[in-house]
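There are 2 protein chains.
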Amino acid sequence: VRARLAFVASPFSRGRDLFRPRSGVETPRRTPRSGRGAPQTVNRVALGELTPDLTSYLGRAAYLQLSIFETASLAISIAPHTRGKNALSKVAASSLEKYDGLVAELTRSGHDPAATMEPFRREIDAFHRVTTGADWYETLVAGYVIAGLLDDFFVRLAEGLHAEQAQRIGALLRPEGASGYIVDELRTAIEANPQLASRLAMWGRRLVGDTLLIARSALAVPADTAPDEARLEPVFTEMIAAHTRRMDALGLTA
Amino acid sequence: VRARLAFVASPFSRGRDLFRPRSGVETPRRTPRSGRGAPQTVNRVALGELTPDLTSYLGRAAYLQLSIFETASLAISIAPHTRGKNALSKVAASSLEKYDGLVAELTRSGHDPAATMEPFRREIDAFHRVTTGADWYETLVAGYVIAGLLDDFFVRLAEGLHAEQAQRIGALLRPEGASGYIVDELRTAIEANPQLASRLAMWGRRLVGDTLLIARSALAVPADTAPDEARLEPVFTEMIAAHTRRMDALGLTA
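Note that the protein sequences, when read in sequence, are chains A and B.
Every letter in the first sequence is one number past the one before it in this note's numbering, and letter 195, counting from 1, is 195.
Every letter in the second sequence is one number past the one before it in this note's numbering, and letter 84, counting from 1, is 1084.
So this is what it looks like as structure tokens:
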């Protein structure tokens, strides 16, 4: 993850690398990690400064939540046992509740939900297609990793909305209680099978890369200017720290 | 539908035809319909007399509801537009709520939900595989027709449970409000395209046949005795009348 993070947040990449075709090959880190603590007087940004307008925020967050729901419901359909189907129904329900809450915010502010989500459909569908996983375990990891990262991201990004909305959306997206079963199921399978562990660790790295890219594209950074990536780095560093803890819980190296 | 109903409920078929391999070919009706009103002194059965024990009832109803949910979530995934995805999220949520309520009844009565559903998994998965549909429209019809028939059936079948449970389950399974979008979407497409109308009418007939069979297998009729199918006929006749009204709403002949 650290190597991958480098191209997301390196002060020298100036955003270009974010949009190159992803080959799945890890990019060598270009910036020595030790440089981060040095007195560079980097003007670190709060994520709230990059929050897009409410409509874009909600449209994107809602469509992404629908995509997370689709991954959960795919997992229900391919579950190899009834216990898994039943447990994942709670994950799907949690995701649908979040979606419904975001759509309610859109309706409350006078927007048509479908029309507001439409502009994000193509990009997020493409993201969804490459991040659903090839089997039960990969799909479980996908649901867990992507929901963990994106819910976290959109809670942080809500800081830039009006305080009342930020609070409602924070309360809506924060609950992560439904993932207990996924952790138990994956942990057991991973402990029993070292080959699965290495495959899923690799899959997790690909997921975090793709998910940070889709999160990155939600930021209100004008496309035609080179954003100061150094100011974004702390944002992604915190998200990755939380991600690393989630992977640890599975017994996987982030 | 009438021709198909004949082998479900004919007084002469004695249940055998219910379990023969289905060829998709309509069976000629063996009993003249006019015979129904004649003074045959048939001892008609209330569905509540055939209610299985609570555990079987809930296990089967819950797993079928999960299967209905899977059809709704498949429709979300293949929806050709964002409006459809958004509208179907309500159908999926409604179905998940029903599932969750049935599971809560299981838990309340001290049963493990997954273990209780397990015996029904194979049969219902097979039903699900052949009833999900080949495209967006067929999947919409499937969700609408199957949920309509089965929710209706399990509300009626609940009559044989304790009154309090019957009431709770009735309240749980009855709301059908989420299907408004499906009706509008299908009606518009069907009006515009006669070929689609005939394809979906045929698909609807296959669905009703398969769904009545899976409903039939929930009845507490000992497998080794020949049940008096004449006594079952009124039950299915009422279900099919409701089904016919639902097909009418789409502009399709049942």
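For each residue, glycine too, the CB sits at the ideal point set by N, CA and C.
Inclusion of Glu1185/B and Gly1084/B in the CB contact set at 8 Å is warranted, their separation being smaller than that value. Taking CB atoms only, Pro113/A has a neighbour in chain B less than 8 Å away.
If you ignore the 5 residues before and after Val1145/B, its C-beta comes within less than 8 Å of the C-beta of Gly1204, Leu1207, Val1208, Thr1211, His1243, Arg1246, Met1247, all in its own chain and listed in chain order. Counting along the chain, Glu1049/B sits inside no alpha helix (DSSP H), nor does DSSP assign it H or E at all. Between Gly160/A and Ile68/A, the C-beta spacing is not below 8 Å. Within chain B, the residues placing a beta-carbon under 9 Å from that of Val103/A are Asn1086, Ser1089, ordered along the chain.
Judged by pairs of C-beta atoms under 8 Å, the stretch 1050-1060 of chain B does not touch the stretch 85-92 of chain A, as fewer than three such pairs exist. Three or more beta-carbon pairs drawn from the stretch 58-65 of chain A and the stretch 105-114 of chain A are found closer than 8 Å, and the two stretches are therefore classed as touching. Closer than 8 Å to the CB of Ile1190/B there is not a single CB belonging to chain A.
Assigned with DSSP and collapsed to three states, Leu1207/B falls in helix. In this chain, the alpha helix (DSSP H) harbouring Phe1236/B covers 1229-1250. Listed along the chain, the chain A residues whose CB falls inside 9 Å of the CB of Leu1172/B amount to none; the nearest CB is some 15 Å away.
The residue from Gln1065/B, Leu1149/B, Val1141/B with its alpha-carbon nearest to that of Thr1237/B is Leu1149/B. Chain-order list of chain B residues neighbouring Ser217/A: empty, with the shortest C-beta distance near 18 Å, by a criterion of under 8 Å.
If you draw a straight line from the Cα of Ala171/A to the Cα of Phe154/A, it is about 11 Å long. C-alpha of Ile1124/B to C-alpha of Ala1220/B: approximately 17 Å in a straight line. Of the other Cβ atoms in all chains shown, 16 or more fall within 10 Å of the Cβ of Arg1156/B; this residue is therefore buried. Between Ser1095/B and Asp1112/B, the alpha-carbon positions lie close to 20 Å from each other.
Distance check between Ala1075/B and each of Ala1192/B, Lys1098/B, Pro1119/B, Ala1134/B places Ala1134/B closest, using alpha-carbon atoms only. Contact between Leu213/A and Ile182/A fails: their C-beta atoms lie close to 23 Å from each other, not under 8 Å.
When secondary structure is reduced to three states using DSSP, Leu1088/B falls in the helix class. Between Ala114/A and Thr1082/B the beta-carbon gap is near 4 Å, inside 8 Å, which marks them as a contact. In this chain, the alpha helix (DSSP H) harbouring Asp1125/B covers 1113-1130.
Distances from the alpha-carbon of Met1202/B to those of Thr1116/B, Leu1252/B, Lys1098/B, Leu1047/B put Leu1252/B closest.
Taking 8 Å as the threshold, the shortest C-beta distance from Met117/A to chain B falls below it. Ranking Ala1046/B, Tyr1099/B, Ser1073/B, Ala1249/B by CA distance to the CA of Thr1188/B puts Ala1249/B first.
Proximity of chain B to Ile76/A at the Cβ level (cut-off 7 Å) is accounted for by Glu1070, in chain order. Cβ contact annotation for His1128/B (same chain, cutoff 6 Å, sequence separation greater than five): Ser1067, in chain order. A distance below 7 Å between beta-carbons, with the five flanking residues on each side excluded, links Gln1065/B to the following residues of its chain, in chain order: Ser1095, Lys1098, Tyr1099, Leu1102. Under the DSSP assignment, Leu161/A falls outside any alpha helix (DSSP H); it carries neither an H nor an E label. When Cβ-Cβ separations below 8 Å define contact, Tyr99/A makes contact with chain B.
For the C-beta of Leu1250/B, not a single chain A residue is nearer than 7 Å; the gap to the nearest is close to 22 Å. When DSSP states are grouped into helix, strand and coil, Leu1219/B belongs to the coil group. Nearest CB-CB separation between Leu149/A and chain B: not below the 8 Å threshold.
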